[in-house]
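Residue numbers (the working numbering): 5 to 300. Here a beta-carbon is modelled for each residue, glycine too, at the ideal position from N, C-alpha and C. Everything below concerns the one structure shown next.
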């Protein structure tokens with residue numbers, strides 16, 4: 005038991021800290037910071053964000069813009085990896101986000117587009133060539149337009165494509181073939197890597213859902229109207245109209261599942277690019293009989 009009359013520090017190891025505990029770091033003289041105040045993660049995020057904002061305000065030009073070189077230097081000062089900074093810059097260069105859809109159509113039926121972006125290994129030329137082979141061979145698509153850094157595909161309409169989609173050969177669902185267009189844009193990122201953006205336009209698919217919903221509502225209203233004319237009691241006569249509202253809602257909301265599946269298909273394509281599985285040819289009779297077709 006420690007003698008209460010012992011001088012301060014008696015019974016402790018040299019340095020004045022209790023045994024088994026690392027020595028605490030003492031704030032520098034004149035910093036004005038208490039030695040024992042803890043900062044949780046949420047407060048740390050807010051402090052770092054505010055410090056970055058203050059530093060940007062102090063050193064940013066009057067127009068509020070930074071060059072990419074200034075951005076990289078600023079990131080180094082706060083300890084961020086140059087590799088991740090360059091990746092973020094590359095992704096920002098290809099960020100062509102469409103305006104958010106608003107209104108009844110978007111709220112009820114969902115978006116008309118699915119988009120996925122990722123930085124993957126390989127030069128833009130090699131990545132775009134791999135994407136072209138995969139889309140034609142595995143996703144039942146054919147080239148619609150071709151540019152230097154962009155390719156647009158559409159669904160194949162030949163007999164082989166119809167058989168693969170109809171029998172779901174390969175078990176992948178071919179959700180991208182339901183899109184009006186599927187486009188890939190590939191731009192250089194850092195050395196040996198490329199930024200890929202995939203877009204699937206599903207406007208026709210959404211339009212079909214809208215037409216189905218409107219048709220269900222019209223059918224229900226017509227049946228209810230006929231029932232009223234024939235003298236059916238009012239609560240019973242309104243049952244077809246009520247049921248048609250539920251059917252129309254379910255039909256319209258089904259488009260959200262289509263968008264989700266298309267989004268997943270795009271992400272899976274990027275997964276194969278990232279892990280080098282894109283050029284592995286899938287076995288199968290139809291894969292042998294239907295090699296990638298050259299664009300016109």
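Backbone secondary structure at residue i - three-state DSSP
i, result
"residue 237", "coil"
"residue 124", "strand"
"residue 150", "strand"
"residue 25", "Residue placement at residue 25 is flagged as unreliable, the pLDDT there being 44, under the threshold of 50; the coordinate-derived value follows with that caveat. Three-state DSSP puts residue 25 in coil, outside helix and strand."
"residue 158", "strand"
"residue 100", "Only weak support exists for where residue 100 lies, its pLDDT of 49 falling under 50; the coordinates are left without a value."
"residue 283", "coil"
"residue 242", "coil"
"residue 84", "coil"
"residue 71", "coil"
"residue 222", "helix"
"residue 301", "Residue 301 lies beyond the residue range present for the chain, which begins at 5 and ends at 300; the question has no answer from this structure."
"residue 230", "helix"
"residue 111", "helix"
"residue 173", "coil"
"residue 44", "coil"
Strand pairing of residue i, partner residues [DSSP]
i, result
"residue 191", "199"
"residue 185", "205"
"residue 117", "205"
"residue 145", "159"
Cβ-based burial, residue i [other Cβ within 10 Å; buried from 16]
i, result
"residue 117", "buried"
"residue 283", "exposed"
"residue 157", "buried"
"residue 155", "buried"
"residue 134", "buried"
"residue 186", "buried"
"residue 44", "exposed"
"residue 240", "exposed"
"residue 142", "buried"
"residue 188", "buried"
"residue 252", "buried"
"residue 201", "buried"
"residue 269", "buried"
"residue 193", "buried"
"residue 162", "exposed"
"residue 204", "buried"
"residue 277", "buried"
"residue 170", "exposed"
"residue 165", "buried"
"residue 234", "exposed"
"residue 274", "buried"
Same chain, Cβ closer than 8 Å to residue i, neighbours up to 5 away in sequence not counted
i, result
"residue 259", "113, 114, 206, 209, 210 and 213"
"residue 182", "159, 206, 209, 262 and 266"
"residue 51", "43"
"residue 153", "128, 132, 189, 190 and 191"
"residue 72", "93"
"residue 272", "none"
Cutoff 6 Å; reference residue i; Cβ partners in own chain excluding five residues on either side
i, result
"residue 89", "76 and 79"
"residue 138", "282"
"residue 172", "none"
"residue 256", "112, 113, 213 and 217"
"residue 119", "203"
"residue 25", "Low per-residue confidence applies at residue 25: pLDDT is 44, beneath 50, and the placement is therefore not dependable, though the value from the model is reported in the following sentence. So the list is empty, once near-sequence residues are dropped."
"residue 244", "224, 227 and 228"
Cut-off 7 Å between Cβ atoms - residues of its own chain near residue i, not counting five sequence neighbours on either side
i, result
"residue 180", "143, 145, 186, 204, 266 and 269"
> Can at least three beta-carbon pairs, one atom from the stretch 213-226 and one from the stretch 169-182, be found at a separation below 8 Å?
Replying inline: no
> Do the stretch 223-230 and the stretch 245-263 make contact, defined as three or more Cβ pairs closer than 8 Å?
Replying inline: yes
> If we count Cβ pairs, one from each stretch, closer than 8 Å, do we get three or more for the stretch 197-204 versus the stretch 123-139?
Replying inline: yes
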